[in-house]
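The structure appears below as structure tokens.
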DNA sequence: TTGTTGATTCAGTACTTTTTGAAACTTGGT
DNA sequence: ACCAAGTTTCAAAAAGTACTGAATCAACAA
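Residue numbers (this note's numbering), protein chains in the order written: chain A, 17 to 182; chain B, 17 to 182.
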């Protein structure tokens with residue numbers, strides 16, 4: 017396989033993977049392109065390489081920066097902005113967990129709290145409250161597990177989980 | 017809050033959560049409805065409750081069964097099929113992990129293997145291979161971690177992770 | 001075999017999300 | 001103050017996804 021073929025295949029697959037991970041296809045493709053790019057790229061270069069419009073490139077680059085998956089790099093003397101990807105996979109996964117936890121898990125926890133206040137006036141209501149209580153318990157556990165995971169560093173991950181797997 | 021309001025809010029929120037988890041909104045809503053339903057429901061009842069078409073209900077119920085999140089329940093004497101949700105959250109999460117691992121992580125691992133065969137003829141190619149090698153290492157680790165997680169039971173999860181959190 | 005009840009399929013439609021591209025804005029140099 | 005190089009925004013268009021409903025299929029009962 018040639019380098020070009022390999023790169024293209026990687027960008028395509030990373031894009032597909034991203035789109036089932038709450039990161040849209042283009043966003044993931046930009047990330048892939050930057051991951052395998054030895055140097056920082058400008059918006060122009062990204063547009064060119066992925067055949068996308070200026071607006072699309074700009075919006076997705078900013079989103080990647082928001083998610084902490086890409087950094088701006090300013091070259092002295094150059095007005096243009098350049099971009100590099102976070103290349104440590106553990107950091108990448110951590111940042112995705114942080115973002116998705118904030119966007120998805122935390123709002124759900126709030127809703128679960130709210131709906132716990134349903135009047136326990138009927139048997140049905142009491143059953144409902146019980147089901148919600150169990151979901152809340154599980155979700156809180158998941159929430160704190162993720163917090164711990166995110167606070168830990170890469171070596172911890174490798175160590176603990178490798179041991180776990182044996 | 018009344019029972020009806022609570023139920024509706026739960027169904028809405030679960031639907032929203034699902035749609036960022038590779039489970040479409042309606043699928044997640046059906047799951048939510050079944051979760052908080054004391055008895056098994058028929059397709060008709062689900063259609064009625066969520067105001068969706070027969071086709072939509074049928075397709076999403078089948079998808080939920082595929083994912084192992086809902087079971088068919090046949091009542092003796094009744095021709096109609098009834099459905100119940102898997103209510104153990106740990107089972108739910110496990111099944112989602114299994115499905116998504118199969119659909120997303122495993123194809124990615126295959127692609128990473130393929131593109132490792134790029135000719136290391138230039139410095140650039142060698143750098144590319146190295147980046148891919150690191151991603152592969154991480155992904156394999158994630159893959160086996162998930163395998164272990166999925167093989168373990170609910171108590172293990174509660175025990176180990178609670179300890180981890182302290 | 002025919003009628004009835006329920007499940008499934010799928011082409012067309014509705015809805016949602018992403019992308020484009022041109023205009024507006026920003027920044028720094030002259 | 002003005003220009004040039006670059007960035008950001010956003011309304012409209014395109015692409016992608018989900019939903020509907022009518023037709024079809026399957027199972028059983030009479």
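For every residue, glycine included, the Cβ atom is placed at its ideal position computed from N, Cα and C.
Cβ of residue i less than 7 Å from any chain A Cβ?
i: residue 29 of chain B; result: yes
i: residue 162 of chain B; result: no
i: residue 69 of chain B; result: no
i: residue 125 of chain B; result: no
i: residue 38 of chain B; result: yes
i: residue 54 of chain B; result: yes
i: residue 98 of chain B; result: no
i: residue 61 of chain B; result: no
i: residue 73 of chain B; result: no
In whole angstroms, what is the alpha-carbon distance linking residue i and residue j?
i: residue 165 of chain A; j: residue 105 of chain A; result: 14 Å
i: residue 83 of chain A; j: residue 18 of chain B; result: 38 Å
i: residue 95 of chain B; j: residue 135 of chain A; result: 36 Å
i: residue 144 of chain B; j: residue 118 of chain B; result: 26 Å
i: residue 162 of chain A; j: residue 24 of chain A; result: 33 Å
i: residue 111 of chain B; j: residue 140 of chain A; result: 28 Å
i: residue 87 of chain B; j: residue 107 of chain B; result: 13 Å
i: residue 73 of chain A; j: residue 62 of chain A; result: 7 Å
i: residue 149 of chain A; j: residue 131 of chain A; result: 10 Å
i: residue 27 of chain B; j: residue 69 of chain A; result: 38 Å
i: residue 64 of chain A; j: residue 41 of chain A; result: 17 Å
i: residue 81 of chain A; j: residue 29 of chain B; result: 28 Å
i: residue 89 of chain A; j: residue 160 of chain B; result: 35 Å
Going by C-alpha distance, which of the options is nearest residue i?
i: residue 85 of chain B; options: B/46, B/91, B/67, B/61; result: B/46
i: residue 50 of chain B; options: B/98, B/93, B/37; result: B/98
i: residue 114 of chain B; options: B/168, B/40, B/25, B/28; result: B/168
i: residue 76 of chain B; options: B/92, B/90, B/48, B/93; result: B/48
i: residue 38 of chain B; options: B/139, B/116, B/163; result: B/116
i: residue 43 of chain A; options: A/67, A/79, A/29, A/52; result: A/79
i: residue 146 of chain A; options: B/30, B/52, B/89; result: B/52
i: residue 129 of chain B; options: B/137, B/109, B/152, B/142; result: B/152
Using a beta-carbon distance below 7 Å, is residue i in contact with chain B?
i: residue 133 of chain A; result: yes
i: residue 50 of chain A; result: no
i: residue 147 of chain A; result: yes
i: residue 105 of chain A; result: yes
i: residue 43 of chain A; result: no
i: residue 168 of chain A; result: no
i: residue 24 of chain A; result: no
i: residue 57 of chain A; result: no
i: residue 101 of chain A; result: no
i: residue 143 of chain A; result: yes
Which whole-angstrom value describes the C-beta separation of residue i and residue j, a residue pair presumed to lie in contact below a C-beta threshold of 8 Å?
i: residue 33 of chain B; j: residue 120 of chain A; result: 6 Å
Task: Stretch-stretch touch, CB-based, cutoff 8 Å, three pairs: the stretch 54-64 of chain A with the stretch 88-102 of chain A - done: Verdict: yes, contact present.
Open item on the list: Under 8 Å, with one C-beta from each stretch per pair, do the stretch 149-161 of chain A and the stretch 123-135 of chain A reach the 3-pair mark?
Closed with: With the rule of 3 Cβ pairs closer than 8 Å, the stretch 149-161 of chain A counts as touching the stretch 123-135 of chain A.
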